[in-house]
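J.: Residue numbers (our numbering), protein chains in the order written: chain A, 1 to 130; chain B, 1001 to 1130.
Note that CB positions come from ideal geometry on N, CA and C, so glycine has one too.
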DNA sequence: ACTATACTATTCATATATGAATAAGCCAGC
DNA sequence: GCTGGCTTATTCATATATGAATAGTATAGT
């Protein structure tokens, strides 16, 4: 059962990766963009890392790649000269929107799979794992 | 909900990694060892890759690391000179057994989390995701 | 027997992730 | 105002994963 859950999650991730690939994104890139877009203002890389539950060095590399794609720009933080903030570019916003549409399709498919299931109890189980 | 499932699986994987780290294994290494031990005889790297649902180049690297750890040995296949088989060493068997005990602990914890849940319907949902 | 095709593992480039080590900047308490 | 201890991001080494390209081997069809 434990393995079934892990396997199912991997399958879901593959589907998301595949769907996002259609618009030139990966799941990691989409995740970072979504936090930045939702926040509405540049976030420091530390804040990004916290929101994505990963270590900072990972965010450094991810932002490198996002910047290379032109989806994000590194901007200085005038309040704290140690900090570097990631700002979404207009292209980044567009790309995020396209990614969100792709994710919704996968979500819709997933919801079908869940038909006939008690969502409440499933959610409780899943959120108990932490 | 989709994200909850993916997140829960990541948490489970982290727990497994942490538990296996206590005995000098990773989840990937444990997975490969378990297939080899259960099979009872050397498996070609292609067979390993299929059983682990990953690409062959991944298995090449994983077996490199397992070999460096002394847990596996590469042996020639007399039937097919293209093939390379991975044979578990005695140390590999021991390490696998230790890993299995660690995994069982995580499994037991996980089973507690599932108390009061209809295992049948959860299993059906999870196996429907493929 | 030869050839075309397919399969073997490996190597390489790359993406994602971690954790240790480093350099720079901030700030509390003296 | 200085110092010591945080925090900041980055770099490095490493692990895991993929997919493309390669070299060697097998095999089916001619």
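1) Return the CA-CA distance between residue 1038 (chain B) and residue 1096 (chain B), expressed in angstroms with no decimal places.
2) Taking the Cβ atom as the reference point for each residue, do residue 1071 (chain B) and residue 1092 (chain B) lie within a distance shorter than 7 angstroms?
3) Under 8 angstroms: do the segment 1019-1033 of chain B and the segment 64-80 of chain A share three or more Cβ pairs, one atom per stretch?
4) Let me know the secondary structure DSSP gives residue 17 (chain A) once reduced to three states.
5) Applying a beta-carbon distance threshold of less than 9 angstroms, which residues of chain B neighbour residue 94 (chain A)?
6) Check each candidate in A:78, A:5 and A:73 and name the one with the smallest Cα separation from residue 33 (chain A).
7) Closest Cβ-Cβ distance between residue 36 (chain A) and chain B: below 7 angstroms?
8) Identify the contact partners of residue 13 (chain A) in chain B, using a Cβ-Cβ distance below 9 angstroms as the criterion.
9) Can you round the beta-carbon distance between residue 1043 (chain B) and residue 1008 (chain B) to whole angstroms, since I take them to be within the 8 angstroms contact cut?
10) State yes or no: is the C-beta of residue 1113 (chain B) within less than 7 angstroms of the C-beta of residue 129 (chain A)?
11) Note down the Cα distance separating residue 1028 (chain B) from residue 81 (chain A), rounded to an integer number of angstroms.
T.: So, to answer that:
1) Residue 1096 (chain B) has its alpha-carbon roughly 10 angstroms from the corresponding atom of residue 1038 (chain B).
2) Residue 1092 (chain B) is positioned such that its CB atom lies closer than 7 angstroms to that of residue 1071 (chain B).
3) no
4) Helix.
5) The premise fails here: residue 94 (chain A) is roughly 23 angstroms from chain B at the closest Cβ pair, so nothing lies under 9 angstroms.
6) A:73
7) no
8) 1006 and 1009
9) Contact doesn't hold; Cβ gap of about 31 angstroms is too wide.
10) yes
11) 41 angstroms
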